[in-house]
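Residue numbers (our numbering): 12 to 191.
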């Protein structure tokens with residue numbers, strides 16, 4: 012429901028002042044969502060994909076180019092900008108998902124199991140990268156990876172019917188807010 016994909020829920024969700032139910036497009040434009048299995052266009056190159064994302068997010072060309080360069084640099088994908096997505100490793104695809112979040116210029120970043128196919132060391136690298144990105148954006152991580160505990164400042168235990176907020180330490184299934 013938070014990503015605006017499923018709109019059948021009780022209550023009200025607002026992102027950056029935009030209601031998911033009443034102003035869904037603007038709410039979705041303010042968020043970048045990285046699902047567990049990122050649906051990349053695998054025949055595109057990294058740069059083509061990021062250009063596509065910035066167009067979908069309705070960024071002007073100049074801002075899009077600036078954001079793409081920043082995204083490629085901060086995720087160490089600059090050398091792979093012309094690589095076809097299907098040829099990227101699992102960590103490379105995870106970094107591309109984060110690059111998408113950076114390039115989209117969204118205020119809120121939602122990551123669902125961003126480290127599910129990664130080794131322990133690769134997962135630590137991705138969590139550190141998300142923590143760096145979250146210094147200037149609100150980031151939410153939904154994960155069953157216990158390593159997330161070492162990278163989040165706060166969290167909430169989630170279940171099928173409720174969310175019990177906790178300040179510290181973050182529980183195993185955690186949602187970091189603002190600064191991971």
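Each residue gets a CB set at the ideal place from its N, CA and C atoms; glycine is no exception.
As assigned by DSSP and simplified to three states, the class of residue i
{"i": "residue 26", "result": "strand"}
{"i": "residue 56", "result": "strand"}
{"i": "residue 127", "result": "coil"}
{"i": "residue 68", "result": "coil"}
Residue environment, residue i, which counts as buried when at least 16 other CB atoms sit within 10 Å
{"i": "residue 146", "result": "exposed"}
{"i": "residue 224", "result": "Lying outside 12 to 191, the shown extent of the chain, residue 224 is not represented and no answer is given."}
{"i": "residue 143", "result": "exposed"}
{"i": "residue 178", "result": "With a pLDDT of only 42 at residue 178, under 50, the local geometry of the prediction cannot be trusted, and the value read off the model is given with reservation. It counts as exposed."}
{"i": "residue 61", "result": "buried"}
{"i": "residue 150", "result": "buried"}
{"i": "residue 31", "result": "buried"}
Candidates the options: closest to residue i by CA position
{"i": "residue 52", "options": "163, 124, 94 and 155", "result": "94"}
{"i": "residue 155", "options": "144, 134, 139 and 148", "result": "134"}
{"i": "residue 92", "options": "98, 56 and 65", "result": "56"}
{"i": "residue 129", "options": "140, 74 and 102", "result": "102"}
{"i": "residue 131", "options": "149, 49, 157 and 151", "result": "157"}
{"i": "residue 138", "options": "121, 159 and 127", "result": "159"}
{"i": "residue 123", "options": "46, 26 and 112", "result": "46"}
For residue i, the residue or residues it bridges with in DSSP
{"i": "residue 151", "result": "121"}
{"i": "residue 43", "result": "120"}
{"i": "residue 95", "result": "56"}
Inset, instruction - Say whether the stretch 64-80 touches the stretch 114-121, bearing in mind that this needs 3 or more beta-carbon pairs closer than 8 Å, one atom from each stretch. - result: yes
Inset, instruction - Tell me, please, whether the stretch 81-89 touches the stretch 34-46 by the rule of three or more beta-carbon pairs shorter than 8 Å. - result: In short, these stretches do not touch, since the Cβ pair count stays below three.
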